[in-house]
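Engineer: Sharing a structure below in structure tokens format, with a few things to ask.
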Amino acid sequence: RIVVTKENTTIIDGEGKATEINARIAQIRAQMEETTSDYDREKLQERVAKLAGGVAVIKVGAATEVEMKEKKARVEDALHATRAAVEEGIVAGGGVALIRAQKALDSLKGDNDDQNMGINILRRAIESPMR
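Position in the sequence shown (first residue = 1) + 443 = my numbering.
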């Protein structure tokens, strides 16, 4: 199926050979590693996602144009947050990462009283979400 609009042409369930598609994806990924431009890297990532079938279309509708712009901004914020999490990594939720980090503080000793006080402040701050 092919959907053609004013700005886009989308091919859904194309008949391309999987081996050729995978070879092209590998070639694009190699280009991604070589490029120094963040813009080029992002465009190449989009191309890989489209070839791999990892494309999502989110349609935003609303009663008024103002409401639609607000909803669209929320969707874009969520998309940017998701991309950042994927690119930079995320940590376990619910304070699990803090609990794990606290174990490193248990064996840490400062060189003086000020450093020890700082370590204790950090230890209490890490525990505060669990109180």
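Built from N, CA and C at the ideal position, the CB exists for glycine as well.
Could you tell me the boundaries of the beta strand (DSSP E) in which Ile445 lies?
Structural biologist: From DSSP, the beta strand (DSSP E) with Ile445 extends over 445 to 447.
Engineer: Taking the alpha-carbon of Ile569 as reference, which of Lys502, Arg543, Lys515, Gly532 has the nearest alpha-carbon?
Structural biologist: It is Arg543 whose Cα lies nearest to the Cα of Ile569.
Engineer: Looking only at DSSP bridge pairs, what is Thr452 linked to?
Structural biologist: Beta-bridge pairing links Thr452 to Val447.
Engineer: Taking Lys486 as the reference, give the member of Ala495, Ile471, Gly496 with the closest Cα.
Structural biologist: Out of Ala495, Ile471, Gly496, Ile471 has the C-alpha closest to the C-alpha of Lys486.
Engineer: Between the Cα of Lys552 and the Cα atoms of Leu565, Glu489, Glu513, which residue gives the shortest distance?
Structural biologist: Comparing Cα-Cα distances from Lys552 to each of Leu565, Glu489, Glu513, the minimum goes to Leu565.
Engineer: In the DSSP assignment, find the alpha helix (DSSP H) that holds Ile471 and state where it starts and stops.
Structural biologist: Taken as a continuous stretch (DSSP letters only), the alpha helix (DSSP H) holding Ile471 covers 461 to 477.
Engineer: How many angstroms separate the CA atom of Ile464 from the CA atom of Glu519?
Structural biologist: Those two C-alpha atoms are separated by around 29 Å.
Engineer: Are the beta-carbon atoms of Arg467 and Met475 separated by less than 8 Å?
Structural biologist: In this structure, Met475 does not lie closer than 8 Å to Arg467 by Cβ.
Engineer: Leaving out five residues on either side along the sequence, give the residues of the same chain with a beta carbon under 7 Å from the beta carbon of Ile501.
Structural biologist: Hits under 7 Å: Val518.
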